[in-house]
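So this is what it looks like as structure tokens:
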């Protein structure tokens with residue numbers, strides 16, 4: 437009996453010690469939120485306060501959000517954090533950060549392998565509906581719509597800025613470095629030139645350019661591209677035909693996406709998400725629209 441009492445005492449002591457060391461919901465939210473610390477501000481000479489950012493905490497729902505905009509370079513930053521509790525009382529911390537200068541939303545799971553939290557077998561094929569995952573220099577960004585209330589979470593794809601770094605995880609990028617390989621500088625120049633010229637010509641012309649069928653460009657568009665202001669850019673663009681072919685290849689993959697998003701539900705028992713529902717097919721756009729809206733790695737402050 438004495439040994440049993442000692443054993444019970446040890447167990448109770450260890451439990452109390454564990455609880456004492458466990459971080460509260462508020463502590464977990466505060467240490468993982470990005471962009472601002474509660475309130476960042478500057479005061480003008482006349483005494484007026486300019487608020488550049490705030491952080492707010494909903495401890496009851498295990499959610500926090502923040503926003504900042506202004507110094508040092510005018511970039512906007514937004515961050516969200518949510519806690520997901522498992523059956524043992526442990527929390528999984530999921531966060532997202534968006535920086536307007538990089539134009540990429542980073543998503544991450546704190547101190548855990550992100551695939552160990554996603555549904556079993558989660559990979560790019562779930563979205564594409566096929567096994568073609570050779571994207572060359574390109575990648576899809578996975579974004580989270582972190583829930584403020586509840587534990588269902590939507591995940592969806594967007595195109596990572598062309599020629600930026602990717603952290604290929606099951607064919608996807610979750611966390612981008614806001615940078616780009618120097619080895620791709622020439623390719624980025626071609627992509628930027630393609631985007632610049634797209635604003636002056638028709639969709640038909642861009643379709644011909646995307647197939648590197650320059651002789652098929654409609655005459656009215658060819659006259660624009662051969663004008664004194666555009667000729668040099670157009671000639672340089674033609675030299676980068678292999679880059680155009682690569683971008684067109686990736687565009688075709690984008691237009692074949694079977695499910696743009698997925699709805700996931702949190703499973704407290706397993707401590708990971710389950711697939712709840714698959715979303716709709718991608719809305720197809722022309723190559724011209726794609727080039728005009730896609731971001732190209734580079735820039736920022």
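In the numbering used here, the protein residues as written are 437 to 737. Heads up, the beta-carbon is just placed ideally off N, CA and C, and yes, glycines get one too. These numbers were taken from a predicted model, which means no experiment stands behind them.
A Cβ-Cβ distance of about 6 Å is found for the pair residue 573 and residue 620, placing them in contact under the 8 Å criterion. In the three-state reduction of the DSSP assignment, residue 535 falls in the strand class. Selection 720, 544 and 577 evaluated against residue 687 yields 720 as nearest (Cα-Cα).
Distance between residue 682 and residue 713, taken at the CA atoms: about 32 Å.
Secondary structure within the region 679-705: the beta strand (DSSP E) runs of 3 or more consecutive residues, fully enclosed, are 697-703 (chain order). Counting every other CB atom within 10 Å of its CB across the protein chains shown gives residue 708 a total of 16 or more, marking it as buried.
Annotated three-state conformation of residue 579 is strand, per DSSP.
Between residue 718 and residue 690, the CB-CB gap stays under 8 Å. In terms of Cα proximity to residue 685, the closest of 549, 521, 671 and 726 is 726. Residue 623 sits in a helix when the DSSP states are folded into three classes. When the alpha-carbon of residue 587 is set against those of 469, 505, 471 and 699, the nearest one is in 699. Beta-bridge partners assigned by DSSP to residue 608: 605. According to the DSSP secondary-structure assignment, residue 596 is paired through a beta bridge with no residue.
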